[in-house]
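Asker: Just so we're aligned: 322 in my numbering is position 322 of the sequence shown, and the numbers increase by one with no gaps anywhere.
The C-beta atom is built at its ideal place from N, Cα and C for all residues, glycine as well.
Take a look at this one; I'll ask things after.
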Amino acid sequence: MRRLVVVGGVAVLVVVGGGGVLAWTADGGAAEAVREARLATAEVSRGDLVDTETVDGKLTYDGVRQVWTGASGVVTWAPRQGSTVKRGEALLRVAGKPVTLMYGGSPMYRTLQSGDSGADVRQLERNLRALGYGGMTVDREFTGATEAAVGKWQDDRGLEATGKVEPDQVVFLGGAVLVRDVEAPEGKRVAEGQPVLTVAGTRRVVHVDLEADKQDLARKGAEVSVLLPGGTTVRGKITSVARVAESTGSGPDEKTTVDVEISLGDAGPGRLDEAPVSVELESERKKDVLSVPVEALLALREGGFGVEVVEGERRRLLPVDVGSFGGGRVEVGGDGLREGLKVGVSAG
1 MRRLVVVGGV AVLVVVGGGG VLAWTADGGA AEAVREARLA TAEVSRGDLV DTETVDGKLT
61 YDGVRQVWTG ASGVVTWAPR QGSTVKRGEA LLRVAGKPVT LMYGGSPMYR TLQSGDSGAD
121 VRQLERNLRA LGYGGMTVDR EFTGATEAAV GKWQDDRGLE ATGKVEPDQV VFLGGAVLVR
181 DVEAPEGKRV AEGQPVLTVA GTRRVVHVDL EADKQDLARK GAEVSVLLPG GTTVRGKITS
241 VARVAESTGS GPDEKTTVDV EISLGDAGPG RLDEAPVSVE LESERKKDVL SVPVEALLAL
301 REGGFGVEVV EGERRRLLPV DVGSFGGGRV EVGGDGLREG LKVGVSAG
């Protein structure tokens, strides 16, 4: 990607990654030409030198999944695509009766009624209390107090107040959801166990199908830069890297990738979904090194490279050893180099 070239003992202009230019020089006779071309200065700095690689991603939401329900009949109401459903609200209505979203990690797999016990009972009671139905202890036991709270909730939802919760009345999901697709629109007949909606969480994330041979670039917990539509750059953090690669296509079009998910935290990317973004991943980091802008390098006619040290009105050439590149800078070393030293850079 970046190559420093000296041909036949004569240095030439070389464009390197990021658009940097290596100016030419020779012995003292060329110093005047160097001074004319170099109208700006930069400092030798000490710190981490980071090289990056940019990959394509897409802006989306976390936790995409299908929703099933125990309800059977004709759908009499369905949410609009893009709408948000929260705890206590209807995911849809079947035969005029609401199927209510409650929060939890366990699916609604049985009728919950007085005398039952288990983690799903506690999950139900926790939701009833969050919705304002008290008078019970949140534990693993479905007591008479739980039955009374359920009856009040059912009455408020327009359901028959039986005091027991049927699988066609509630769907437990991890939190509030965004409706991505409606598989069961109004007027469609659904049966128990059929998918009715595709939903996602409300947290914005970036998804990257990273080429498998580049998976070393993605480390869980690493910070990245994300270029959003419109040109805004925000910080993100890699939250998951798939352990298993997936292959798509066949023959010469076959592509093997690993799924990478990036959280945007409190960044405000708007409501765009599936919008393309660019993600800058860290490929190499050299810690605590001296570096200068790539444009500060001079390829010497006799071989090797140097920088033009600027000390007031005085300028001198200083040979340097060149190391790693990153972020438009290059690692340098050698006698006489120190942090804060001013060097000439190409002005244009």
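(1) In the DSSP assignment, find the beta strand (DSSP E) that holds Glu125 and state where it starts and stops.
(2) Tyr103 to Leu290, Cα distance in whole Å?
(3) Please state if the CB of Val208 and the CB of Arg264 are separated by a distance shorter than 9 Å.
(4) Counting along the chain, where does the alpha helix (DSSP H) carrying Val150 start and finish?
(5) If we ignore side chains and look at the alpha-carbon of each, how far apart do Pro98 and Gly73 end up?
(6) Tell me whether Glu192 sits in a helix, a strand or coil according to DSSP, three-state version.
(7) Confirm, please, whether the CB-CB distance from Arg204 to Asp56 is below 9 Å.
(8) How many whole angstroms separate the CB atoms of Val343 and Ala42, which I take to be in contact at a CB cut-off of 8 Å?
(9) Alpha carbon to alpha carbon, how far is Gly221 from Gly201? Give it in angstroms, no decimals.
(10) When you compare only the Cα positions, how much space is there between Arg243 and Glu282?
(11) Consult DSSP for Gly340 and reduce its assignment to one of helix, strand or coil.
(12) Mapping DSSP to helix, strand and coil, what is Ala161?
(13) Is the beta carbon of Leu337 less than 9 Å from the beta carbon of Leu318?
(14) Per DSSP, what kind of secondary structure is Lys58 in: helix, strand or coil?
(15) Would you mind working out which of Glu160, Gly115, Val179 sits nearest Asp139, comparing C-alpha positions?
(16) Helix, strand or coil for Ala299, going by three-state DSSP, please let me know.
(17) On a Cα-Cα basis, can you pick out the residue from Glu261, Arg180, Pro167, Ala184 that is closest to Asp120?
(18) To which residues of the same chain is Gly236 closer than 8 Å at the C-beta, ignoring the five residues directly before and after it?
(19) May I have the straight-line CA-CA distance separating Gly327 from Asp288, to the nearest angstrom?
(20) Report yes if the CB atom of Leu197 is closer than 9 Å to the CB atom of Pro79, and no otherwise.
(21) At a threshold of 8 Å, does Arg140 count as lining the ligand GDP (C-beta to nearest heavy atom)?
(22) Out of curiosity, what's the CA-to-CA distance linking Ser247 and Asp259?
(23) Note down the Cα distance separating Ala212 from Thr146, rounded to an integer number of angstroms.
(24) Which of the three DSSP states, helix, strand or coil, is assigned to Ala275?
(25) At what residues does the beta strand (DSSP E) containing Pro210 begin and finish?
(26) Measure the alpha-carbon distance for Thr143 versus Gly135 and round it to whole angstroms.
(27) With a threshold of 16 other CB atoms inside 10 Å of the CB of Gly231, please say whether the residue is buried or exposed.
(28) In three-state terms, what does DSSP make of Asp253?
Answerer: In short:
(1) Segment 119-130 is the alpha helix (DSSP H) holding Glu125; no beta strand (DSSP E) there.
(2) 53 Å
(3) Here residue 264 is Leu; the residue named in the question, Arg, does not match the sequence. Contact: no.
(4) 144-156
(5) 12 Å
(6) coil
(7) no
(8) 6 Å
(9) 20 Å
(10) 19 Å
(11) coil
(12) coil
(13) yes
(14) strand
(15) Gly115
(16) strand
(17) Pro167
(18) Val206, Glu223, Val224, Ser225, Val226, Ile262, Ser263, Leu264, Gly265, Ala267, Val279
(19) 15 Å
(20) yes
(21) Summarising the ligand content, the structure contains no ligands, and the ligand GDP is consequently not present.
(22) 11 Å
(23) 52 Å
(24) strand
(25) With the sequence shown as reference, residue 210 is identified as Leu, and Pro is not the correct amino acid for it. It spans 204-211 - the beta strand (DSSP E) in which Leu210 sits, taken as one unbroken run.
(26) 11 Å
(27) exposed
(28) helix
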